[in-house]
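As structure tokens, the structure follows; a few thoughts come after it.
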Amino acid sequence: MTEANTNDNEATDPAPIRVATDIQLDHELAALRRRLIKEASRATDLLAQSIKILQGSSDEEVSEIREIERQIDAEEVRIEEECFRILALQQPFGSDFRMLTFCLKVNSDIERLADHAASMAKISKKLRDAELVWPQAMLEMMQRVPVMCEELVRAVINADPDAAREIVLRDKAIDKLDKQAFRELTGIIQEHPDEASQYMLMYRISRELERVGDLLGNIGEDIVYLVTGDIVRHESSGKNKQSN
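Heads up, my numbering is the position in the sequence shown plus 44, with the first residue counted as 1.
This is the structure we're talking about:
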């Protein structure tokens, strides 16, 4: 082979371009992941804040929660746009594609977590001056959900599928507590029918917490998918069907 031919082959070899593209994709995905973790931390902190003020809030606290929720909404849109940009220009595959789909799905769930935080804050305003008896099941939910939030953020940061599976299991406990809260509130309303409307508002909070648990469980399932490639959604229900 002549020297001219060798130079021509080096000039047209796509390998250096591929390497540069891979490095750029790694940087972009890493930056996207950092943004997602920051967004998740803000949303879970917001949830903890909204739960903290359920039994006594001020207008300033509720306004602050709603303002942060709007900021998370805006960031959710920006992250989604960045995901689509990377998908169109970089065409990732394999683990990179899993990371991108993970960011897209979790980004949406994080925004919904912030929505639930804002909803609970608004309900707390309506319950502010009422002297109500809180069901024991709801008090337990209000303790468990912030802990789940902290564990979720750690699971995302560490890409820990075992911790993520534990969050999925904890969601099932929240579902049971929501049903128990309904039973307790039914009994309370029978004893205090004149305060039924306020206790129905309280049950809305229970439903918000139950939905938050579902979203945390969904993100836990997505962490498992990101790390292992396994789709574990409906895994337990599938086993139940087989056993029947």
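Don't be surprised by glycine CBs; every beta carbon is placed ideally from N, CA and C.
Keep in mind the model is a prediction, meaning the values are calculated, not measured.
Inspect the CB distances between the region 186 to 198 and the region 119 to 136 and report whether three or more fall short of 8 Å. no
If we ignore side chains and look at the alpha-carbon of each, how far apart do residue 27 and residue 228 end up? What is shown of the chain runs 45 to 288, which leaves residue 27 out entirely.
Under a three-way DSSP split, which group does residue 101 fall into? In the sequence shown, residue 101 corresponds to position 57, counting from 1. DSSP places residue 101 in coil when its eight states are reduced to three.
Secondary structure at residue 256, three-state DSSP: helix, strand or coil? By one-based count along the sequence shown, residue 256 stands at place 212. Residue 256 falls in the helix class under three-state DSSP.
Option nearest residue 199 by Cα separation, candidates 81, 69 and 217: Within the sequence shown, residue 199 is the residue found at index 155, counting from 1. Closest option to residue 199, Cα to Cα, is 81.
Please tell me whether residue 112 and residue 133 are closer than 8 Å, where the distance is taken between their beta carbons. Residue numbering aside, residue 112 sits at position 68 when the sequence shown is read from its first letter. Residue numbering aside, residue 133 sits at position 89 when the sequence shown is read from its first letter. Cβ atoms of residue 112 and residue 133: not closer than 8 Å.
Would the beta-carbon of residue 17 fall within 8 Å of that of residue 95? Given that the chain is displayed from residue 45 to residue 288, the structure contains no residue 17 and the question cannot be resolved.
Which class does residue 273 belong to by DSSP, given the choice of helix, strand or coil? Residue numbering aside, residue 273 sits at position 229 when the sequence shown is read from its first letter. Of the three classes helix, strand and coil, the one that applies to residue 273 here is coil, per DSSP.
Just how far apart, CA to CA, sit residue 267 and residue 166? Here residue 267 corresponds to residue number 223 of the sequence shown, with the count starting at 1. Here residue 166 corresponds to residue number 122 of the sequence shown, with the count starting at 1. Computed Cα separation, rounded: 31 Å.
Secondary structure at residue 177, three-state DSSP: helix, strand or coil? Taking the sequence shown and counting its residues from 1, one reaches residue 177 at position 133. Coil.
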